[in-house]
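Engineer:
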Amino acid sequence: MKKILVAVDDSKGSKAVLSVFKNLVRPPEKVILLHVERLLGGSLMIDMLGEAELSTLRESLKGTEYKKELDRKAEKIISYYKKELENSGLISVKTVIRDGIPAEEILKVAEEEGVDLIVTGFNEKQGIHRLITGCVSKDVERNANVPVLVAKDTTEEKAYDWKEAVANSLI
Amino acid sequence: MKKILIAVDSTNDSKGILSLFRNLVWSPERIILLHVEQLEGNSMMTAMLGDAELSTLKDALKGTEYKEALDKKAEKVLTYYKKEMENGGLTNIKTVIREGHPSEEILRVSEEEGVDLIIVGCSGKSRMQKLVTGCASREVEKNAKMPVLISKGNGCGKHADLWSGREAYAIR
Chain Z
0 MKKILVAVDD SKGSKAVLSV FKNLVRPPEK VILLHVERLL GGSLMIDMLG EAELSTLRES
60 LKGTEYKKEL DRKAEKIISY YKKELENSGL ISVKTVIRDG IPAEEILKVA EEEGVDLIVT
120 GFNEKQGIHR LITGCVSKDV ERNANVPVLV AKDTTEEKAY DWKEAVANSL I
Chain U
0 MKKILIAVDS TNDSKGILSL FRNLVWSPER IILLHVEQLE GNSMMTAMLG DAELSTLKDA
60 LKGTEYKEAL DKKAEKVLTY YKKEMENGGL TNIKTVIREG HPSEEILRVS EEEGVDLIIV
120 GCSGKSRMQK LVTGCASREV EKNAKMPVLI SKGNGCGKHA DLWSGREAYA IR
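Just so you know, the sequences run in chain order Z and U. Quick note on numbering that gives the first Met the number 0: the first sequence kicks off at 0 and runs consecutively. Quick note on numbering that gives the first Met the number 0: the second sequence kicks off at 0 and runs consecutively.
#1: Please report the residue range of the alpha helix (DSSP H) in which Z:L69 lies.
#2: Give the residues from the region 106–119 of chain Z that approach chain U closer than 7 Å (Cβ to any Cβ), ordered along the chain.
#3: Looking at C-alpha atoms only, which residue of Z:E74, Z:A51, Z:G99 is the closest neighbour of Z:L32?
#4: What in chain Z is Cβ-close to U:A143, meaning under 7 Å?
#5: Compute the distance between the beta-carbons of U:I92 and U:I30, then report whether it is under 8 Å.
#6: Please name the residue, chosen from Z:D152, Z:G113, Z:E112, Z:K107, that lies closest to Z:N142 on a Cα-to-Cα basis.
#7: Can you list, in chain order, the residues of its chain whose CB lies under 6 Å from that of Z:I96, leaving out five sequence neighbours each side?
#8: I want to verify the contact list: residues of chain Z whose CB lies under 8 Å from the CB of U:I149, in sequence order.
#9: Along the chain, where does the alpha helix (DSSP H) that runs through Z:G12 open and close?
#10: Give the secondary structure of U:T90 by DSSP, where H, G and I count as helix, E and B as strand, and everything else as coil.
#11: Determine, using beta carbons only, whether Z:I90 and Z:A6 come nearer to each other than 8 Å.
#12: For chain U, check one thing: does any of its Cβ atoms lie closer than 8 Å to the Cβ of Z:I131?
#13: Which chain Z residues are close to U:N91, counting only those with a beta carbon under 9 Å from its beta carbon?
#14: Grouping DSSP H, G and I as helix and E and B as strand, with all else coil, what is U:S26?
#15: Rounding to the nearest angstrom, what Cα-Cα distance links U:A68 and U:V147 in this structure?
#16: If you follow the beta strand (DSSP E) that U:R107 is in, where does it begin and where does it stop?
#17: Quick one, which of Z:P27, Z:G12, Z:K66 has its alpha-carbon nearest Z:R37's?
#18: Quick test of your reading: U:K143 and Z:K151, contact by CB under 8 Å. State the CB separation rounded to the nearest angstrom.
#19: Note down, one range per segment and in chain order, each alpha helix (DSSP H) of at least 4 residues found wholly within the region 47–91 of chain U.
#20: With H, G and I counted as helix, E and B as strand and the rest as coil, what does DSSP make of Z:L116?
#21: Which residues, in order along the region 103–118 of chain U, keep a beta-carbon less than 8 Å from a beta-carbon of chain Z?
#22: Whose C-beta lies closer than 7 Å to the C-beta of U:D115 among residues of the same chain, with five residues either side of it excluded?
#23: Looking only at C-alpha atoms, which of Z:L48, Z:N86, Z:D115 sits nearest to U:N22?
#24: Which residue comes first and which comes last in the alpha helix (DSSP H) that contains Z:E50?
#25: Along the beta strand (DSSP E) that carries U:I5, what are the first and last residues, could you check?
#26: Run through chain U and tell me which residues come within less than 8 Å of Z:V19, C-beta to C-beta.
#27: Express the C-alpha separation of Z:S18 and Z:E28 in angstroms, rounding to a whole number.
#28: Which class does U:L17 belong to by DSSP, given the choice of helix, strand or coil?
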């Protein structure tokens, strides 16, 4: 095993990535730890932008408070996961921060680095929310050339059941 | 790593799965090899059937030549994989044949057996085919409680777009 690309964000689903490393995969020679900054937050807009528009957006955001906030957040996430991975015995961790469309950047980095496996977390987004903001792991899975491991948090409690909540509130 | 469920469909991407064990994941103590017979072939129909209708369909098909052909195929696929894996040094393999909705059966078996990881192949279907026939790996990924590994065999990834997919299908 040579190289693994690990894509993380600040969601809970991402944490499952760590348990995957503990239990499932053989220790790789090199880990590429990637976080992609979503320039427009969780909105659908970003997925509809072309390359040109995206680079305009990047230009206009450069140096703004918003971008700095994103950078800080990215730094925090990346350093957290780097530490966790190193604690579990992986030495060669390279961190990469990109901005743009998450699925595309993940695929791009995977090709540039020539990785053998992509590991992503699974986001518990459901229904409408999933429809609107898209699901990164889905896009990656569909378009990647290499195997994709979708990590799941097995200890996770049940997702919020709004039907039950409504039923409870009626009592 | 205790148990892995591997869902196999055809013999196409065995190489992909075997190389996974060589390179990526720890060899498990136990492997469950699962093949799900699609009673209605590659049509959308089975996905729309409820449990009751499905069991009627199962009854109706019992003993027919069609079912026998399905059984034969299942048997062939499973023995092929079992042999390949045993050649690759993996032992303790249990084979399971189910019939019905692939994704549902995969999830059901994974829970019954309490596996730690599900490995599904990527069928390499084009978008159009996927729309019509559904994609087991997608459903499994969405609903499974354990990690899911999507292996990429030959011709997978970088999916052919709609038209070239169709052409490839026609040529075959």
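Yeah, the Cβ is synthetic: ideal placement off N, Cα and C, and Gly gets one too. Given the structure is predicted, the values throughout are model-derived calculations rather than measurements.
Structural biologist: Result, derived from the coordinates:
#1: Indexing the first sequence from 1 puts residue 69 of chain Z at position 70. Where Z:L69 is concerned, the enclosing alpha helix (DSSP H) stretches over 64–86.
#2: Within the region 106–119 of chain Z, the residues whose Cβ lies closer than 7 Å to some Cβ of chain U are D115, L116, listed in chain order.
#3: Numbered from its first residue, the first sequence carries residue 32 of chain Z at position 33. Scanning Z:E74, Z:A51, Z:G99 for the CA closest to the CA of Z:L32 turns up Z:E74.
#4: What you label residue 143 of chain U is simply residue 144 of the second sequence in a count that begins at 1. What U:A143 touches in chain Z: K151.
#5: Counting from 1 along the second sequence, the entry for residue 92 of chain U is found at position 93. Counting from 1 along the second sequence, the entry for residue 30 of chain U is found at position 31. Going by C-beta atoms, U:I92 is nearer than 8 Å to U:I30.
#6: Against the first sequence, residue 142 of chain Z aligns to sequence position 143. If we check each option's Cα against that of Z:N142, Z:K107 comes out closest.
#7: Counted from its first residue, the first sequence places residue 96 of chain Z at position 97. Here Z:I96 has H34, A73 as same chain residues with Cβ atoms under 6 Å from its own Cβ, once five neighbours each way along the sequence are excluded.
#8: Residue 149 of chain U sits at position 150 when you count from the first residue of the second sequence. Those are E140, P146, V147, L148, V149, listed as they occur along chain Z.
#9: Translated into the one-based positions of the first sequence, residue 12 of chain Z becomes position 13. The continuous alpha helix (DSSP H) containing Z:G12 extends over residues 11–22.
#10: The sequence position of residue 90 of chain U within the second sequence is 91, counting from 1. Residue state for U:T90 is assigned as coil, using DSSP reduced to three classes.
#11: Numbered from 1 along the first sequence, position 91 holds the residue referred to as residue 90 of chain Z. Numbered from 1 along the first sequence, position 7 holds the residue referred to as residue 6 of chain Z. The answer is no: Cβ separation not under 8 Å.
#12: Residue numbering aside, residue 131 of chain Z sits at position 132 when the first sequence is read from its first letter. Caution applies to Z:I131, whose pLDDT of 48 falls short of 50 and renders its modelled position unreliable; the model cannot decide the point.
#13: In the second sequence, counting from the first residue as 1, residue 91 of chain U sits at position 92. Simply none; closest approach about 18 Å.
#14: Residue numbering aside, residue 26 of chain U sits at position 27 when the second sequence is read from its first letter. Residue state, collapsed to three classes: coil.
#15: One-based indexing of the second sequence puts residue 68 of chain U at position 69. One-based indexing of the second sequence puts residue 147 of chain U at position 148. If I take the Cα positions, the gap works out to 30 Å.
#16: Locating residue 107 of chain U in the second sequence gives position 108, counting from the first residue. First-last for U:R107: 101–112, but that is the alpha helix (DSSP H), not the beta strand (DSSP E).
#17: Within the first sequence, numbered from 1, the residue matching residue 37 of chain Z stands at position 38. If we check each option's Cα against that of Z:R37, Z:K66 comes out closest.
#18: On the second sequence, residue 143 of chain U is found 144 positions in, with the first residue counted as 1. On the first sequence, residue 151 of chain Z is found 152 positions in, with the first residue counted as 1. The sequence given here places Ala at residue 143 of chain U; Lys does not occur at that position. Yes, they are in contact, since the Cβ atoms of U:A143 and Z:K151 sit about 7 Å apart, within 8 Å.
#19: Counting only runs of 4 or more, we get 50–60, 64–86.
#20: The sequence position of residue 116 of chain Z within the first sequence is 117, counting from 1. Under the three-state reduction of DSSP output, Z:L116 falls in the strand class.
#21: Flagged, chain order: D115, L116.
#22: For the purposes of this step, residue 115 of chain U is taken as the residue at position 116 of the second sequence. Counting only Cβ-Cβ distances below 7 Å, and skipping sequence neighbours, we find M0, K1, K2, I3, M145.
#23: Position 23 of the second sequence, counted from the start, is the residue given in the question as residue 22 of chain U. For U:N22, the closest of Z:L48, Z:N86, Z:D115 by C-alpha to C-alpha distance is Z:D115.
#24: Taking the first sequence and counting its residues from 1, the one referred to as residue 50 of chain Z is at position 51. 50–60 is the span of the alpha helix (DSSP H), which, as asked, contains Z:E50.
#25: By 1-based counting over the second sequence, the position of residue 5 of chain U is 6. Counting along the chain, the beta strand (DSSP E) containing U:I5 begins and ends at 2–6.
#26: Numbered from its first residue, the first sequence carries residue 19 of chain Z at position 20. Taking the beta carbon of Z:V19 as reference, the chain U residues within 8 Å of it are P146, listed in sequence order.
#27: Walking along the first sequence from the start, residue 28 of chain Z turns up at place 29. Walking along the first sequence from the start, residue 18 of chain Z turns up at place 19. Each residue's alpha carbon lies about 18 Å from the other.
#28: Along the second sequence, one-based indexing puts residue 17 of chain U at 18. Note: U:L17 maps to helix in three-state DSSP.
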